[in-house]
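Using this note's numbering, read the sequence shown as starting at 12 and increasing by one per residue.
First comes the structure, then the notes that go with it.
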Amino acid sequence: MDICWRSKPVSAWPQLSTITRALSPSALQPRQPCSLRSLVLALPGARFGGALYVRLMTNRNCTLSGMALVITLLATLTLAPTASAAKPQRFYVSLGDSYSVGFQPGIGSTRHGFVDQVPGLAKSRGYNLKVVNFGCSGASSEALMEQVGCYKKALGLGATPYPKQTQLAAATKFIKANRSKVALITVAAGGHDLLSCVSAADTLGCVLAAAAAIKTNVTATAKALRAAAGPKTKIVGTTYVDAVLGAWVKPGGDDGEKLARLSVPAFRSLVNPALKKAYASANSSFIDVTAATGAYGDLTVFENLAPYGLIPKPVAEMCRISYYCDKGDIHPRTRGYRMISKMVVAELPRRK
């Protein structure tokens, strides 16, 4: 007859303290002597660490003494480590404004932002990331370097305060102290520099000035982070969804539509090129969230979206992924943040 021995999962070996015995008369195997060779063949996990359960088959010709020998060998065998051993945890450092803390209207900081969604998605690329978030809701690109401390409610959930340091100083101090353990750094900065332009009399002039300031400040920030992290650590700068496209459906008629139209070249030709150059100056990546979320699409192609009726497709997409259309708020919904997190993770090199 056949004798089947089942053990605990491989992670519990080599102490086989809970082997159970079950008879399996129907699963007949070719007759062979009880030998070490048959044991090794029956236990691929012994060589490759790949089997979760071990099955030992013997035949009618196997004597009790031979079976005892095989069982003794089984009980004393040391298995190889499994290939699925947990990846060592590494740090993911986040800096920036309200986007970095996952701000959503009526709630404040949340776990729904792109930063908190990155670790889960990064597992598929071989990363085990722990977020260390220095972001501060309301921070401009200058404040990130100059403002000391951050109001508690403006910090990310679970973030450690830095009452006597600027955001950049606190982040670079941590990065230097943990340089070998930092796998990813992201920066979301510049959005609050643009907020005043929404209501400015000269929108284009306001954006031009803001883009110049953003380039100067973000360049300095990116270079400071690169100096702290070293040449190989992945640094990713993000831009923003063009939530202002939602002004198309807000009360105000032609003024809202005009503002929505102006927002497209503002991002495409001024703000995003400034950000891209700033991050490139520090050998860092830049992800164009504005383009990826469809803001540069054709405003003459319409679709029907309740409750707004027939509106341009890029506007409809902003209504779906941000709060601007219904609440006049520039921040993304959870699905909008997820689009950003996917782009960040795509920048990470795969790890074995």
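We treat Cβ as the ideally placed atom computed from N, Cα and C, and that holds for glycine.
Computed from a prediction, not measured in an experiment: that's the story for all the values here.
Output the distance between the C-alpha atoms of residue i and residue j, rounded to the nearest integer angstrom.
i    : j    : result
L90  : E153 : Bear in mind that the predicted position of L90 carries a pLDDT of just 41, short of 50, making it unreliable; the figure below should be weighed with that in mind. For L90 and E153, the distance between alpha carbons rounds to 56 Å.
K243 : T249 : 19 Å
Y162 : A317 : 38 Å
L130 : P99  : Note that residue 130 is Pro in the sequence shown, not Leu. Using only the alpha carbons, I get a separation of about 13 Å.
R190 : F102 : 9 Å
K134 : P360 : 12 Å
T121 : G113 : 5 Å
A357 : A194 : 14 Å
L321 : K288 : 37 Å
P343 : A239 : 30 Å
V198 : F297 : 10 Å
L310 : Q115 : 27 Å
D213 : L256 : 18 Å
R279 : E314 : 23 Å
V209 : F125 : 24 Å
Y319 : D266 : 17 Å
Q128 : G202 : 20 Å
G117 : L206 : 19 Å
V104 : L219 : 30 Å
R331 : N294 : 34 Å
Can you give me the Cβ contacts of residue i inside the same chain, cut-off strictly under 7 Å, excluding the 5 residues immediately before and after it?
i    : result
D204 : S151, S152, A221, A224, I225
A4   : Not covered by the structure: residue 4. The range shown for the chain is 12 to 363.
E268 : W259
T345 : H123
L132 : S352, K353, V356
Whole-angstrom Cβ separation of residue i and residue j, contact assumed at under 8 Å?
i    : j    : result
S148 : A170 : No, S148 and A170 are not in contact; Cβ-Cβ is about 11 Å, not under 8 Å.
L155 : A200 : 5 Å
K184 : G160 : Incorrect: roughly 14 Å between the Cβ atoms, too far for contact.
T324 : G339 : In the sequence as presented, Thr is not what sits at residue 324; that position holds Lys. With 8 Å as the limit, K324 and G339 do not qualify as a contact, their Cβ atoms being about 21 Å apart.
A271 : W259 : 4 Å
Where does the unbroken alpha helix (DSSP H) through residue i begin, and where does it stop?
i    : result
S352 : 345 to 357
A315 : The amino acid at residue 315 is misidentified as Ala; the sequence shows Asn. From DSSP, N315 is part of no alpha helix (DSSP H) but of the beta strand (DSSP E) over 313 to 316.
V326 : 324 to 332
S274 : 265 to 276
A233 : 214 to 240
V300 : 300 to 303
A285 : 283 to 291
A199 : Careful: A199 lies outside any alpha helix (DSSP H), inside the beta strand (DSSP E) at 193 to 199.
D204 : 202 to 205
A154 : 154 to 157
As a quick exercise: from the options, pick the residue whose alpha carbon is nearest that of residue i.
i    : options                : result
A306 : G347, A293, L179       : G347
N228 : L310, V255, E157, M329 : E157
H123 : R362, A327, R349       : R349
N283 : D299, K269, W259       : D299
Y290 : Q115, I196, Y110       : I196
I186 : P116, C208, V143       : V143
V312 : T301, A302, V326, A303 : V326
K353 : D265, Y173, V247       : V247
G119 : G146, T214, A303, L256 : G146
K261 : D337, L219, V355       : D337
A303 : V355, S207, V104, G241 : V355
K182 : G202, S207, G107       : This sequence places Ala at residue 182; Lys is not what is there. The shortest Cα separation from A182 among G202, S207, G107 belongs to G107.
V252 : A180, S274, Y173       : S274
S111 : D265, Q178, L132       : Q178
A188 : G167, G241, S207       : G241
L140 : T301, N294, K245       : K245
G167 : S109, K192, L215, L219 : S109
What does a CB cutoff of less than 6 Å around residue i pick up in its chain, not counting 5 residues either side in sequence?
i    : result
K285 : Checking the displayed sequence, the identity of residue 285 turns out to be Ala instead of Lys. Only A222, I225, K226 meet the Cβ criterion.
A211 : C217
K363 : none
K192 : R101, F102
R32  : Here R32 scores only 38 on pLDDT, less than 50, and its place in the model should not be relied on; the value that follows carries that caveat. Taken in chain order, the list of residues that qualify is empty.
The beta strand (DSSP E) spanning residue i covers which residue range?
i    : result
N393 : Because the chain here runs from 12 to 363, residue 393 falls outside it and cannot be looked at.
Y103 : 101 to 107
V126 : Premise fails: V126 lies in the alpha helix (DSSP H), 125 to 133, not in any beta strand (DSSP E).
K245 : 245 to 249
I186 : Segment 178 to 188 is the alpha helix (DSSP H) holding I186; no beta strand (DSSP E) there.
Once you ignore the five residues that flank residue i on each side, which residues in its own chain have a CB closer than 8 Å to its CB?
i    : result
S292 : T230, A233, K234
G137 : K98, R361, R362, K363
A180 : Y173
L215 : L273, A277
Give a yes or no on whether the minimum CB-CB distance between residue i and chain C is below 8 Å.
i    : result
C336 : In summary, chain C is missing from the structure at hand, where a single protein chain is found.
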